[in-house]
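Step one of this worksheet: look at the structure below.
In full-length UniProt numbering, the protein residues as written are 1 to 206.
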């Protein structure tokens with residue numbers, strides 16, 4: 001009986017310690033058109049799908065979509081203080097850089113902006129995850145590689161979680177892409193939500 005009570009007390013203590021990981025957590029997605037739901041309503045986007053899903057499965061999590069189509073790392077950096085003041089997040093998922101790459105911004109500029117975003121968030125003890133981003137190979141092998149290398153370089157040096165690029169599983173399926181060949185369509189959003197859900201829950205649990 002004594003051993004049972006000891007084991008029961010340990011289990012209760014673990015539950016008490018584990019439960020607050022998700023309690024009242026606010027997670028902000030700071031991204032561009034890939035997360036904003038380009039060509040559809042925000043509710044139809046993968047973030048909107050997770051918002052609805054978590055309202056039932058994780059009611060203590062507040063998921064905020066602060067993504068803007070066409071946004072760049074500099075644009076997000078400029079509006080970051082306003083996002084933090086409005087939402088006071090516990091964690092932020094950064095999905096940015098694609099528009100910088102498509103516009104041919106220098107890797108040094110992109111890296112500097114991402115680093116400033118991460119360091120600003122870490123200054124407030126906010127958990128941070130960054131998405132790996134890749135651009136089409138027609139921008140040249142050298143630039144494409146330099147661009148792709150930005151994300152592991154920045155996350156490693158800032159001890160930040162790097163999340164694989166969800167589009168790598170989507171773009172290979174033409175039926176999940178819009179006619180522009182860049183943006184996922186409505187049919188892809190559930191798949192992206194499934195891909196991203198465990199990563200974002202992991203981020204909140206860190």
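Idealized CB from N, CA, C, for every residue including glycine.
(message) Need the endpoints of the beta strand (DSSP E) that residue 93 sits in, please.
(response) Residue 93 sits at position 93 when you count from the first residue of the chain shown. From DSSP, the beta strand (DSSP E) with residue 93 extends over 91-95.
(request) Can you tell me the Cβ-Cβ gap for residue 258 and residue 25, rounded? I've got them flagged as a contact below 8 Å. (result) Within the shown structure, residues of the chain are numbered from 1 to 206, placing residue 258 beyond reach of any answer.
(message) Pairs of beta-carbons, one from the region 172-182 and one from the region 138-145, closer than 8 Å: are there three or more?
(response) no
(message) Is it the case that the region 66-78 contacts the region 31-45, given that we only count it when at least three CB pairs across the two stretches are under 8 Å?
(response) yes
(message) On the criterion of 16 or more Cβ atoms from any shown chain inside 10 Å, does residue 198 qualify as buried, or is it exposed?
(response) As a working note, residue 198 is residue 198 in the chain shown. Exposed, because fewer than 16 other Cβ atoms sit within 10 Å of the Cβ of residue 198.
(message) Going by beta-carbon coordinates alone, are residue 130 and residue 155 separated by less than 7 Å?
(response) Position 130 of the chain shown, counted from the start, is the residue given in the question as residue 130. Position 155 of the chain shown, counted from the start, is the residue given in the question as residue 155. Yes, they are a contact pair.
(request) Can you grab the Cα-Cα spacing for the pair residue 193 / residue 82, in whole Å? (result) For the purposes of this step, residue 193 is taken as residue 193 along the chain shown, with counting starting at 1. For the purposes of this step, residue 82 is taken as residue 82 along the chain shown, with counting starting at 1. Here the alpha carbons of residue 82 and residue 193 stand approximately 26 Å from one another.
(message) Suppose the cutoff is 7 Å on Cβ atoms and the five residues either side in sequence are ignored; what does the same chain contact list for residue 126 look like?
(response) Sequence index remark: in the chain shown, residue 126 carries index 126 (1-based). Correct list, in chain order: 89, 90, 91 and 92.
(message) Just to confirm before moving on: does the CB-CB distance between residue 63 and residue 27 stay below 7 Å?
(response) Locating residue 63 in the chain shown gives position 63, where the first residue counts as 1. Locating residue 27 in the chain shown gives position 27, where the first residue counts as 1. Against a cut-off of 7 Å, the Cβ pair of residue 27 and residue 63 comes out as a contact.
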